[in-house]
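Counting in full-length UniProt numbering, the final residue of the sequence shown is number 267, and the numbers go up one at a time with none missing. C-beta: ideal position from N, C-alpha, C; glycine also. Have a look at the structure below before the remarks.
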Amino acid sequence: MSEEKPEQTFFFNEPSAKLSPKQPPVAADSAVRNAEQKSDPEEELPHYHGHRERIRQRFQKVGHAGFADYEMLEILLYRSIKQGDTKPLAKALLSRFGSLAEVLGAPEHLLREVKGCGPAVTFDLKLVAALTHRMIRSDIREKTVLSSWSKVMDYCVAAMAYESREQFRILFLDKKNSLIADEVQQVGTVDHTPVYPREVIARALQLAASGIILAHNHPSGDPTPSKADIEMTRTIANIGAQMGIVVHDHIIIGKNGHASLKDLKLF
Numbered sequence: 001m002s003e004e005k006p007e008q009t010f011f012f013n014e015p016s017a018k019l020s021p022k023q024p025p026v027a028a029d030s031a032v033r034n035a036e037q038k039s040d041p042e043e044e045l046p047h048y049h050g051h052r053e054r055i056r057q058r059f060q061k062v063g064h065a066g067f068a069d070y071e072m073l074e075i076l077l078y079r080s081i082k083q084g085d086t087k088p089l090a091k092a093l094l095s096r097f098g099s100l101a102e103v104l105g106a107p108e109h110l111l112r113e114v115k116g117c118g119p120a121v122t123f124d125l126k127l128v129a130a131l132t133h134r135m136i137r138s139d140i141r142e143k144t145v146l147s148s149w150s151k152v153m154d155y156c157v158a159a160m161a162y163e164s165r166e167q168f169r170i171l172f173l174d175k176k177n178s179l180i181a182d183e184v185q186q187v188g189t190v191d192h193t194p195v196y197p198r199e200v201i202a203r204a205l206q207l208a209a210s211g212i213i214l215a216h217n218h219p220s221g222d223p224t225p226s227k228a229d230i231e232m233t234r235t236i237a238n239i240g241a242q243m244g245i246v247v248h249d250h251i252i253i254g255k256n257g258h259a260s261l262k263d264l265k266l267f
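The following block contains the structure:
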């Protein structure tokens, strides 16, 4: 009768059993698996990784003069798009509308037609447009309007050139030709705005204005005055003269330029 092997010796000499799910892998297998799972970190990063910080640093060094329009728009979009590459959307907006000014002046419903331009983006774009208008208007408020004509034109272009419907705007001036008020009196269609000359003069009298500047936009882009524009201006000027109110000019604003009825000697 053979002797039984000690239990300890028996288990020691048995072939190794398969690892159970609860048993940890041996160190060698773990190292191989980890090496397979790891990859080069640089290969996993998107192409635009670190771009925001680089472009911010460049802006701090050279200012806006060293930037293309799409780059300025790209930076602005950082506010509303917290992560990811904003360059494609910036270029898409410029391609759709043509210029930075036209992007800021575009109506919200048209902005949202551009893929990636959601509520947050449209809000920030319209906010910047509004701030720009306020900044220019505050500048002309502090000066004699007639001696700062270029700033008046800049303001009217920023406020009206890219509107999709005609607006009739009036700048009311005091005796020193400083700005009292700036009001949009009427908003019309794409090619017509109803203007009532007596209401224009009545509002000037309410504000105790001594002079007014008329302005309206042509959404077509062509600032050439129409026959109706000329006749309406002459009517307002004639009524105003009887009330001691001077019509200094009527400016027509378009995306392709502007026209002064006074310079054209049309009233």
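Among the options, the one whose alpha carbon lies nearest that of residue i
| i | options | result |
| --- | --- | --- |
| residue 51 | 238, 67, 70, 85 | 85 |
| residue 217 | 193, 124, 237, 206 | 193 |
| residue 101 | 150, 62, 147, 155 | 155 |
| residue 266 | 190, 246, 250 | 250 |
| residue 157 | 54, 240, 222, 235 | 222 |
| residue 258 | 83, 173, 114, 224 | 224 |
| residue 244 | 184, 148, 231, 174 | 174 |
| residue 69 | 99, 83, 260 | 99 |
| residue 254 | 115, 145, 191, 56 | 191 |
| residue 162 | 71, 104, 62 | 104 |
| residue 187 | 207, 208, 203, 164 | 164 |
| residue 199 | 176, 232, 144 | 232 |
| residue 209 | 246, 150, 185 | 246 |
| residue 213 | 82, 262, 256, 189 | 262 |
| residue 78 | 211, 61, 55 | 55 |
| residue 71 | 195, 80, 82, 87 | 87 |
Contact belief for residue i with residue j at Cβ below 8 Å, rounded distance in angstroms
| i | j | result |
| --- | --- | --- |
| residue 137 | residue 182 | 6 Å |
| residue 76 | residue 128 | 6 Å |
| residue 201 | residue 230 | Not a contact, Cβ separation roughly 18 Å. |
| residue 89 | residue 117 | 7 Å |
| residue 144 | residue 176 | 6 Å |
| residue 126 | residue 113 | Contact doesn't hold; Cβ gap of about 15 Å is too wide. |
| residue 148 | residue 140 | 6 Å |
Status (buried if at least 16 other CB within 10 Å, exposed otherwise) for residue i
| i | result |
| --- | --- |
| residue 179 | buried |
| residue 159 | buried |
| residue 240 | buried |
| residue 152 | buried |
| residue 8 | Residue confidence for residue 8 is low, a pLDDT of 46 falling below 50, so the modelled location carries little weight; the figure read from the coordinates is stated next. Looking at its Cβ environment, which holds fewer than 16 other Cβ atoms inside 10 Å, residue 8 is exposed. |
| residue 35 | Low per-residue confidence applies at residue 35: pLDDT is 48, beneath 50, and the placement is therefore not dependable, though the value from the model is reported in the following sentence. By the neighbour-count rule (16 or more Cβ atoms within 10 Å), residue 35 is not buried but exposed. |
| residue 63 | exposed |
| residue 66 | exposed |
| residue 130 | exposed |
| residue 18 | Confidence is the limiting factor: at residue 18 the pLDDT is only 49, short of 50, which leaves the residue's position unreliable, though a coordinate-based value still follows. Classification for residue 18: exposed. |
is_contact[residue i, chain B] using C-beta, thresh 8 Å
| i | result |
| --- | --- |
| residue 230 | Of the chains in the structure shown, none is chain B; there is only one protein chain. |
If we require 4 or more residues per run, which alpha helix (DSSP H) segments fall completely within the UniProt domain "MPN" (145 to 267)? 149 to 160, 197 to 206, 227 to 242
Between the segment 118 to 133 and the segment 92 to 106, can you find at least three pairs of beta-carbon atoms closer than 8 Å? yes
Could you check whether the segment 152 to 172 touches the segment 207 to 222, counting it as contact only if at least three pairs of C-beta atoms, one from each stretch, sit closer than 8 Å? yes
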